[in-house]
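Everything on this sheet refers to the single structure shown next.
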Amino acid sequence: MKLQTPKGFKDYYGSELRLRRKIINTLIEIFESYGYEPLETPSIEYAETILGKYGKEAEKLIYRFKDAGERDLALIYEMTTSACRYVAQNYQNLSLPFKRYQIQKAWRAEKPQRGRLREFTQCDADVWGEKSVSVDAEFIDMSIKAMTELGFKDFVVKISSRKILSAIAYACKIPENKFYDFTVSIDKLDKFGREKVHNMLLSKKIEKESAQKALQILSGSSTLDDLKNAIGSSPEGLEGIIELEEIFAILNKSKVNENYYIFSPSIVRGLSYYTGPIWEVEVKEGKNVGSVAGAGRFDNLTKTLSGADIPASGGSFGVDRLAQIISERKEVSVPRSISKALVTVFSPELANTSRELAKALRDKNINTELYLDSTAKLKKQLKYASNKGIPYVVVIGPDEQKQNKAVLKNMETGKQETLDIKSLIKTLS
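Numbering-wise (this note's numbering), the sequence shown opens with residue 6 and increments by one.
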């Protein structure tokens, strides 16, 4: 029997898990401050609910199986489709716009690598029932606020539109049946550079002239005005440009720090259900793990499930990638131990005294661990506290018991002092 997790799956414990919870709690506070309500859906959906929503490459990564009743099921690939199913199922009872956030695990059978696991946690927030790009602008604003609250300084939100990509493909005479291959290749432009992406496009049977023209437009269009000159004759492309101009205008009027967002025509977002503005959050500091958040407009996704025409927009933060970057920077302080103090047991005769003190500390909301073996030597108990990273140790011997006092030892400095119980509680609070 192998005592290990499957490849691409991971255990979390202690400070590592507390960091993840800190990230999640920060995002929950941000989401709720913008009026989003929590939603939870099953980890398993009928396969027909999930299939046909993500593109052929993504669908190869779906964990799909049949249960004992021969029902065709799948683990969720992400949460947006499940949320769309919920909206379609409960449409008559929902107040629009419907704003929800959702924090759950998802699964993808992809090759595990840095910043990419097969089981991962996403923090989603989406809005249904509003066509205005003010929704998209608000999410970008919310993303920037979330990143700054998490302590990031060097990051950028890259903004583009699927309509613009469609217009570029049309202008470059790339056939509709090659659009998916085109976007998959273009998505790697920042990572691999122009030459490699050019070769990738050719390998996908896209004409050389079309590939060269598309790359020329993308690399030469650093502003929306540049892009207008290249694809402005396309109604869809012009619509995409106008939508982005509105988003940038809203962000500017809302006094959102312009250093944190840019127009970036080569971003794609891998999921094929996006229909309009798209954006990604990229951390520039530290080792690259890809985007830590991604979002966009998906006006047709709910319609594919129920026929109900409900516009929608939103996105997701990747907890695993955020935690990895924060952990490597070591700028966010997460104590090694959840306990503030260890109350030792001097002897079996004084065990109840130690137990009462531990309770008194907990009653004052001080996380306190009581050493459970009353026969253990004090040296062993101190070593236990040191190994766990517990910052303070409390010792009550016979003399301290008589005086209703305790010895408090700072495990980092080694300093210790004898305090009455009231002063002890004040020091640890």
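From the three backbone atoms N, C-alpha and C, an ideal C-beta is built for every residue, glycine too.
Counting the other CB atoms within 10 Å of its CB gives Arg25 a total of 16 or more, which places it among the buried residues.
Residue environment analysis places Ala254 among the exposed positions, since fewer than 16 neighbouring C-beta atoms fall within 10 angstroms of its C-beta. When rounded, the separation of the alpha-carbon atoms in Leu78 and Ile49 is 7 Å. In this structure, the straight-line span from the alpha carbon of Tyr266 to that of Leu155 is close to 17 Å. In this structure Val202 does not touch Lys209 by the C-beta definition: roughly 11 Å separates them, more than the 8 Å allowed. For Tyr39, the three-state secondary structure derived from DSSP is coil.
Taking 3 residues as the shortest admissible run, the stretch 281-343 contains the following complete beta strand (DSSP E) segments, listed from N- to C-terminal end: 282-288, 296-302, 317-323.
If you check the CB distance, Ile55 and Tyr82 come in under 9 Å. The residues Ile173, Cys177, in chain order, have a CB closer than 6 Å to that of Ala219 in the same chain once the five nearest residues on each side in sequence are set aside.
If you look at Thr423, you'll find it in the beta strand (DSSP E) that goes 421-425.
Our two residues, Tyr91 and Arg199, have alpha carbons roughly 41 Å apart in a direct line. Collapsing the DSSP output to three states places Gln9 in coil.
By the Cβ criterion, the stretch 64-79 is not in contact with the stretch 36-46, since fewer than three pairs of Cβ atoms, one from each stretch, lie closer than 8 Å.
Comparing alpha carbon positions, the residue from Thr85, Arg23, Val412, Asn370 closest to Arg302 is Thr85.
Pairing Val189 with Gly394 gives a Cβ-Cβ distance that is not under 9 Å. Here Gly320 is buried: its Cβ has 16 or more other Cβ atoms, across all protein chains shown, within 10 Å. Bounds of any alpha helix (DSSP H) do not take in Tyr59, whose DSSP letter is neither H nor E. Pairing Tyr175 with Glu251, the inter-Cα distance amounts to about 24 Å. When the Cα atoms are used, Glu287 and Asn305 turn out to be separated by approximately 27 Å.
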